[in-house]
Amino acid sequence: MAILRSSSSPSPLPLSDCGASDKDLSMCVPGGSNQSSSLKSKGFAAKRKRDKEKIVEKGKAVEDDRVVKRVRKCASLDSDSEDELDMDIFNGAKLWEFYFKPEDKLIGKITFYPISRVDFIKVIKKKLTSEQLVLFRETCFGHFLDMSTVTMQAQLIHASLYRKFHQNNEREILFRFGNDTVRFSVAEFGLISGLKCTGDRDYSKYVNNTNEFAERYFYDQTVTYGGVVSRFLSSNFKDDGFAVKMVVLYFVTNCLLSRGEDKKVHAGLLNLIGCGEFNSYPWGKLSYDYTFHGLRVWLKSKQMQKKRDLDIKEKGVRQYRMGGFPFAYQVWLYEVLPILKREDICSYDPAPSFRI
Numbered sequence: 001m002a003i004l005r006s007s008s009s010p011s012p013l014p015l016s017d018c019g020a021s022d023k024d025l026s027m028c029v030p031g032g033s034n035q036s037s038s039l040k041s042k043g044f045a046a047k048r049k050r051d052k053e054k055i056v057e058k059g060k061a062v063e064d065d066r067v068v069k070r071v072r073k074c075a076s077l078d079s080d081s082e083d084e085l086d087m088d089i090f091n092g093a094k095l096w097e098f099y100f101k102p103e104d105k106l107i108g109k110i111t112f113y114p115i116s117r118v119d120f121i122k123v124i125k126k127k128l129t130s131e132q133l134v135l136f137r138e139t140c141f142g143h144f145l146d147m148s149t150v151t152m153q154a155q156l157i158h159a160s161l162y163r164k165f166h167q168n169n170e171r172e173i174l175f176r177f178g179n180d181t182v183r184f185s186v187a188e189f190g191l192i193s194g195l196k197c198t199g200d201r202d203y204s205k206y207v208n209n210t211n212e213f214a215e216r217y218f219y220d221q222t223v224t225y226g227g228v229v230s231r232f233l234s235s236n237f238k239d240d241g242f243a244v245k246m247v248v249l250y251f252v253t254n255c256l257l258s259r260g261e262d263k264k265v266h267a268g269l270l271n272l273i274g275c276g277e278f279n280s281y282p283w284g285k286l287s288y289d290y291t292f293h294g295l296r297v298w299l300k301s302k303q304m305q306k307k308r309d310l311d312i313k314e315k316g317v318r319q320y321r322m323g324g325f326p327f328a329y330q331v332w333l334y335e336v337l338p339i340l341k342r343e344d345i346c347s348y349d350p351a352p353s354f355r356i
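Quick look at the structure:
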């Protein structure tokens, strides 16, 4: 039986905000609530094959509606994926097999964006006044002010990724930990983070939306992730509204959508925050895509295969970077790994509507 997060420690968060109901979540796990029997069924395998077939019409491949309707409730399929999130995935493993055999395991070293020692919440509390902190708490990110110090555990994440096995749903990852089969998808990400995970995440429509915030702090500039940090730390905010928008931009780019310092901030993203419409935006959906990208392709992409072999030859260690918001994945591991559950590593507070 596939174990979902909600089955181990129920959360009062409405699953509609994550894009799924309890029934929908179980349907997204191959075989539903009775996986072992379904996987052995030839009829089920044949049905999955039919569901994955594509209808070719006028030279264009269109996914069968049966698959789209079943998956959309759990993780809306995006047609506006950013180029940097598209990679050629190595699918050498057979269906329901681990991507890597025990003898293929490597010593790994993860570098997080930005450096994992940065305590964002502490920086924000130190920078803002008490009045500005009250305003920030009223935003969709306010609950993060109560989050404990983030300490990333790279080896825990690295070891867990070897437990991934191959399946056909490209919007989620399935793992085997001991005798348990568990899934990490946008629904679990939403339960952990408390962020909205449904709705249109295309922010390109804000590209031409001029606003006073962007013009005041980033006029005629190429805005980078590192530049946002410098501007946030060096600015003295006389306007509380601008202060909140700046801290939202800082938190989004350096925590939820973390990337390299030299990466550019999309104009649409900057204007979305500048015009003040960020509270209704599905940040969980976008943050999940960035996080999911790193979790899914870190050892499977053909582009990374040559670099992996070179790192092993020269240093004996596989080094790779991971962006997005991997701390949400780490918190999920605390609750689903059998040994961590037995040792009561992570306590669960049922009061808030989020887990982080």
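For the sequence shown, the tail end lands on 356 under full-length UniProt numbering, and the numbers increase by one without skipping. Backbone N, C-alpha and C fix where the C-beta goes; we use that ideal spot for every residue, glycine too.
- The C-beta separation of Gly-194 from Ile-339 comes to about 26 Å, leaving the pair out of contact by the 8 Å criterion.
- For the 9 Å CB-CB criterion, Thr-151 and Ile-121 do not form a contact.
- Residue state for Arg-355 is assigned as coil, using DSSP reduced to three classes.
- Under DSSP, the beta-bridge partners assigned to Asp-180 are Phe-177.
- Taking C-alpha positions only, Asn-179 is separated from Glu-335 by approximately 15 Å.
- With contacts defined as CB atoms closer than 9 Å, Asp-240 and Thr-129 qualify as a contacting pair.
- Short of 6 Å from the beta carbon of Phe-100, and not among the five residues preceding or following it, lie these beta carbons of its own chain, in chain order: Tyr-162.
- Closest in C-alpha terms to Ala-214, from the list Lys-127, Phe-292, Leu-249, comes Leu-249.
- In terms of Cα proximity to Lys-205, the closest of Thr-198, Arg-137, Tyr-281, Pro-326 is Tyr-281.
- Take Thr-139, set aside five residues on each side of it, and the residues of its chain with a beta-carbon closer than 8 Å to its own are Val-244, Val-248, Phe-278, Asn-279, in chain order.
- Asp-289 and Gly-324 have their C-alpha atoms roughly 8 Å apart.
- Between the beta-carbon of Leu-256 and that of Ser-287 there is about 4 Å, and that keeps the pair under the 8 Å contact cut.
- Assigned with DSSP and collapsed to three states, Lys-263 falls in coil, not helix or strand.
- Using a 10 angstroms sphere on the CB of Thr-210, the tally of other CB atoms stays under 16, which defines it as exposed.
- Sequence-distant Cβ neighbours of Leu-135 in its own chain, meaning closer than 7 Å and more than five residues away, are Asp-240, Val-244.
- Judged by DSSP in its simplified three-state form, Met-147 adopts coil rather than helix or strand.
- Taking all protein chains shown into account, Tyr-113 has 16 or more neighbouring C-beta atoms within 10 Å of its C-beta and is therefore buried.
- Looking at the backbone, the Cα of Gly-268 and that of Phe-327 are separated by about 26 Å.
- Membership of Thr-111 in any alpha helix (DSSP H) is not indicated; the residue belongs instead to the beta strand (DSSP E) covering 108-112.
- Shown here, Phe-165 sits in a strand according to DSSP, grouped into three states.
- For Lys-122, the enclosing alpha helix (DSSP H) covers residues 120-127.
- Between Phe-184 and Trp-283, the C-beta gap is not smaller than 9 Å, which leaves the two residues out of contact.
- The alpha carbon of Cys-275 has as its nearest neighbour, out of Gly-190, Glu-212, Lys-263, the alpha carbon of Glu-212.
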